[in-house]
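All residue numbers for the sequence shown refer to the numbering used here, where the first residue is 2 and numbers rise by one.
Taking it in order: structure first as structure tokens, then the write-up.
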Amino acid sequence: MQCAGAFRTRILTTYRIVTRRVDSCSVSTLPREEPARPLVQTLVPGPRSLELARELQEVSEARPIQFFHDPQQSFGNYVADVDGNKLLDAFCFIASLPLGYNHPNLIEAAQSSLWLPHLVQRPALGYSAPPEWVHTLRTKIMSVAPQGLASVQMTCGCGASAVENALKAAFIWKRTLERDCVDPSPTELESCMRNQEPGSPNSMVVVSFEHAFHGRLFGSLSTTRSKPIHKVDIPAFRNWPVLPFPESEQDETRCLELVEKTLKGNRVAALIIEPILSEGGDLHASPAFFRGLRALTRRYQVAMICDEVQTGVGATGRFWAHEYWSEGLEKSGPGTSTAAAEIAPDMVTFAKKMQASGFFFKPEFLPPQAYRIFSTWSGDPLRALQASVIIDTIAADRLVERVRIVGDYLSQALHGLNHPLIERIRGRGTFLAFDLPSPARRNRFLQDMRNRGVVVGGSGTKTVRLRPALIFDTHHADILLETLASAMASQQ
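Rendered as structure tokens:
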């Protein structure tokens, strides 16, 4: 008993020491304000970044890394790199930073005693969840649930894991309907272990679109169609149909006709689509096109999955980009809310800016048996707490409204440049993009912008995409535009 008491005392003492260290951990040394302008002392990547890349490549994949950032010196809309450069970041970790770097609300929350235990041990939430998990999901995550989606399933952290599990939910739902809601038969349970019909419904398919990106895990990769290098050498679900995404509003009728033909002629569990095809080149369609898709999926009992991994959490000027699908219905009088609910998707996946991943879904997509959508982690309470702070900050600071204002300002200014090399300016909110004449010019432009102190990204073959944080303001837009103009001048 004395040994047990001494051990407990040592544990409590260690816990208090660690807590004090975390509470005081270099927070006072973090920047408290942004620089007035970008500061560039080397090319980007600089010599230290290049050296770190060489070291990393000896043990892991480093070739995609553009530069190594310094998290201790980054703040707000500015990312510092290990070479001392401070860059205005309009790409934000591939569209995944909602509040920029070292936001005070997140720094304060990270020092709380509530966060520390989840940092020390990540629980297997599907097996044993802490009590605050219930509160976090019910009062925070569900507070931003899309209309009509009353449930949420958290996943392991990336958008692909959200998509994988949403696809599984769609298949289970479809087979449950086909069986008239009875449990799987002994024959199905036995045959699925050999990957054979009827237990494995190998003739059942998921429909996706050309240029789509839904992740790079094994199942989601069969719906991803943005770049060949993502898919080559990897087996795919070869009978899953791919359909054209409309090139213009005039093309939408043709595309919807092809969708209907496909849904009618195949055993389709789900149709998955992004509100804006992001990685594939920032491709847009009209709200009427998406309403047409929703009508067809309802008619043919196909689950509609809206992939909001990149478009979600405010960047388009709505919390969820699919909210724009009701445009044209807002002023239609009585029954408008019913009509909006009817065009809502069945499932919405999220990750990136939420800093946690999962999918919202209608109650009928909850599998009738337990353990069917399951993993060891089944989410992450630490990241869910982080998402809670993000959600509260977005609401308190009215950041979605700010995105609309800044997005309009930036879009008008881009059009006002009237530059001969800038083509097809498009987007919603600050989720903006434009094309350059060729992939080579686009790639040179991205590098030139970094060397001038501004980070932007690419998509598709020749598209430049802007993905700033929600705290990006008009004076940041002015710096971006000024830098863009000088970079474009050097391209001519």
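Note that beta-carbon positions come from the ideal geometry of N, C-alpha and C, so glycine has one too.
Identity of the residue in the options nearest residue i by Cα
i    : options                : result
Q73  : L31, F375, R49         : L31
A296 : E275, G266, A340       : A340
F362 : L98, S287, E309        : E309
M489 : A478, L471, N419, A171 : N419
H215 : I277, I173, V28, L400  : I277
D381 : A396, M355, D398       : M355
W134 : M155, Q148, V121, L150 : M155
R442 : R429, I423, P247       : I423
V80  : A486, A470, S487       : A470
F219 : I235, P229, H212       : I235
A345 : G359, K262, Y325, E280 : Y325
R384 : E34, K262, L117, N78   : L117
T484 : L40, V28, E34          : L40
E328 : L120, S287, R468       : S287
S204 : Q492, C182, R176       : R176
V269 : V233, P202, I374, S221 : P202
A322 : E343, E275, F172       : E275
P99  : Y372, G461, P36, V401  : V401
F491 : D449, T462, K463       : The amino acid at residue 491 is misidentified as Phe; the sequence shows Ser. Checked all of D449, T462, K463; the closest Cα to S491 is D449.
L120 : D184, L386, Q493       : L386
K463 : S227, P242, I395, E189 : S227
N78  : P105, E59, N267        : P105
Nearest-angstrom Cα separation, counted from residue j out to residue i
i    : j    : result
V207 : R195 : 21 Å
C193 : D393 : 45 Å
E191 : G200 : 7 Å
T475 : L411 : 8 Å
S114 : F320 : 30 Å
Q370 : P187 : 15 Å
S379 : V314 : 21 Å
E153 : F76  : It is worth fixing the name first, because residue 153 is Val in this sequence and not Glu. One C-alpha to the other measures close to 32 Å.
S223 : K265 : 21 Å
F473 : A414 : 15 Å
R22  : T312 : Summary for R22: the model assigns pLDDT 45, below 50, so the residue's position carries little reliability; its value from the coordinates is reported in the next sentence. About 37 Å.
A170 : S144 : 22 Å
A289 : S487 : 39 Å
E253 : D71  : 46 Å
F210 : L259 : 11 Å
S249 : E280 : 19 Å
L168 : E34  : 43 Å
D347 : L150 : 7 Å
G282 : P247 : 13 Å
D24  : R139 : Only weak support exists for where D24 lies, its pLDDT of 48 falling under 50; the value from the coordinates is given anyway. In a straight line, the C-alpha of D24 is about 28 Å away from that of R139.
A213 : E198 : 29 Å
Q148 : E343 : 10 Å
R425 : H416 : 9 Å
A91  : N103 : 16 Å
A397 : G101 : 16 Å
L467 : R38  : 18 Å
V183 : P368 : 12 Å
Within-8 Å CB hit, residue i to chain C
i    : result
R180 : The structure shown contains no chain C; it holds only a single protein chain.
Beta-carbon contacts of residue i that lie in its chain and below 6 Å, excluding the five residues immediately before and after
i    : result
A146 : F361
G293 : L257
T298 : L272, M305
T317 : R429, G430, F432
A163 : T156, T350, A352, S358, G359, F360
Same chain, Cβ closer than 7 Å to residue i, neighbours up to 5 away in sequence not counted
i    : result
R217 : A161, T225, H231
A125 : T377, W378
H285 : I277, R427
N240 : V206
S389 : T137, K141
L482 : A414
W174 : A304, E365, F366
S494 : A query on residue 494 cannot be resolved here, the shown segment of the chain reaching from 2 to 493 and no further.
T166 : In the sequence as presented, Thr is not what sits at residue 166; that position holds Asn. Around N166: Q154, T156, F360, I374.
Proximity test, residue i beta-carbon vs the ligand ZN heavy atom, cut-off 7 Å
i   : result
V28 : As presented, the structure is devoid of all ligands, the ligand ZN included, so that no description of it is given.
Cβ neighbours of residue i in the same chain (closer than 8 Å, five flanking residues each side left out)
i    : result
N444 : G459
L447 : V457, G458, G459, V465
F560 : This structure cannot speak to residue 560, because the chain is shown only from 2 to 493.
Q: Decide if the stretch 449-466 is in contact with the stretch 303-311; the criterion is three or more beta carbon pairs, one per stretch, under 8 Å apart.
A: no
**Q.** Inter-stretch contact (C-beta, 8 Å, three-pair minimum) for the stretch 387-407 and the stretch 154-161
**A.** no
Q. Using 8 Å as the threshold, is the stretch 87-94 in touch with the stretch 48-58, meaning 3 or more CB pairs across them?
A. no
Q: Report yes or no: do the stretch 58-68 and the stretch 426-437 share at least 3 C-beta pairs separated by less than 8 Å?
A: no
Q. Are at least three pairs of beta-carbons, each pair with one atom in the stretch 35-45 and one in the stretch 126-136, less than 8 Å apart?
A. no
Q) Does the stretch 478-485 come close enough to the stretch 100-115 that 3 or more CB-CB pairs lie under 8 Å? A) no
Q | Secondary structure, beta strand (DSSP E): runs of 3+ residues fully inside the stretch 32-101 | A | 79-81, 87-90
(Q) If we require 4 or more residues per run, which alpha helix (DSSP H) segments fall completely within the stretch 93-176? (A) 93-96, 105-111, 117-121, 132-136
**Q.** In chain order, each alpha helix (DSSP H) run of at least 4 residues that lies wholly inside the stretch 297-360
**A.** 337-343
Q. Can you list, in chain order, the stretches of the beta strand (DSSP E) that have 3 or more residues and sit fully within the stretch 389-442?
A. 424-429, 432-436
Q: Just list the alpha helix (DSSP H) runs in the stretch 184-209, keeping only unbroken ones of 4 residues or longer that don't cross its boundaries, in chain order.
A: 187-192
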